[in-house]
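Colleague:
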Amino acid sequence: MSGSTLYAGGSFGTISGQARVGIAALSTTTGNANLWNPSAGSSVLAIALNDTNLYVGGQFLTMEGENHPHLAGIGQSAPVVGVGGPLPRSGAIALATRPNPFQDSVSLGFVLPHATEVSLKVFDLAGREVARLADRKLYGPGSHEVRFERRGLSSGVYLCLLEAGGQSVSRRIVLIP
């Protein structure tokens, strides 16, 4: 455990409703899996933690998409997110949404490799800004979560844009009635 994050290892493919293989980081306040996802190739049987890294052992042959047979060291803020998509390059920012589609609110989670100013905005398909959730706000490294409330918006598709450290990433969200 590190702060309000509990690291769990085992033989699983999902945890807290999220696709995670062998290892996951869970919020001790909500029980939800956070965005950190190093994607072990198989079971994780042992975890040791220091200030910045986890050391894991188990039946896996890969970790973070690279060969690490049975033993690996992983950064606690590894910017690896998503289900079935490509892994971000080292040092890349990452953005995930859940639930998606959503009715009342959606959680916009992002991972930063280092402290930086963040802008997080939501646009409609006509390119109009409908919400500004962060405007050059300084965030530290690691996982962060911002809630977006529908607040009178019509059902439809919207675009979330995260800009941080000279990089940008976007995700579509779908608002349903």
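If you want the numbering used here, it's the position in the sequence shown, counting the first as 1, plus 8.
No residue lacks a Cβ here, since even glycine has one placed at the ideal position from N, Cα and C.
Exposed or buried, which one is Gly160 when buried takes at least 16 other CB atoms within 10 Å?
Modeller: Exposed is the call here.
Colleague: Where DSSP assigns a beta bridge to Ile82, which residues make up the other side?
Modeller: The partner list for Ile82 (beta bridge, DSSP) reads Leu62.
Colleague: Exposed or buried, which one is Val91 when buried takes at least 16 other CB atoms within 10 Å?
Modeller: Any answer about Val91 is weak, because its pLDDT of 31 lies below 50 and its placement is not dependable; what the coordinates show is given next. Per the 10 Å Cβ criterion, exposed.
Colleague: Using the Cα positions of Gly17 and Ala41, report the straight-line distance between them to the nearest angstrom.
Modeller: Each residue's Cα considered, the two are about 12 Å apart.
Colleague: His78: which of Asn61, Val130, Ala54 sits nearest, CA to CA?
Modeller: Of the candidates Asn61, Val130, Ala54, the one whose C-alpha sits nearest the C-alpha of His78 is Ala54.
Colleague: Mind checking which residues open and close the beta strand (DSSP E) that includes Arg4?
Modeller: In this structure the chain extends from 9 to 185, so residue 4 is not present and cannot be described.
Colleague: Restricting to Cα atoms, I'd like to know which of Ser162, Gly81, Phe68 is closest to Phe110.
Modeller: Per the Cα distances, Ser162.
Colleague: When the Cα of Ser127 is compared with those of Ala142, Leu120, Glu137, Gly135, which residue comes out closest?
Modeller: Comparing Cα-Cα distances from Ser127 to each of Ala142, Leu120, Glu137, Gly135, the minimum goes to Ala142.
Colleague: Go through the stretch 125-182 residue by residue and report every complete run of the alpha helix (DSSP H) that reaches 4 residues or more, in order.
Modeller: Listed in chain order, nothing qualifies, since the stretch 125-182 has no complete alpha helix (DSSP H) run of 4 or more residues.
Colleague: Would you mind working out which of Lys129, Ala123, Ile23, His76 sits nearest Val154, comparing C-alpha positions?
Modeller: Ranking the options by Cα distance to Val154, first place goes to Lys129.
Colleague: With which residues is Thr38 paired in a DSSP beta bridge?
Modeller: Partner(s): none; Thr38 has no beta bridge.
Colleague: Taking just the CA atoms, how far does Arg106 sit from Ser115?
Modeller: Spanning the two alpha carbons is a distance of roughly 5 Å.
Colleague: Would you call the CB atoms of Leu43 and Ser113 closer than 7 Å?
Modeller: No.
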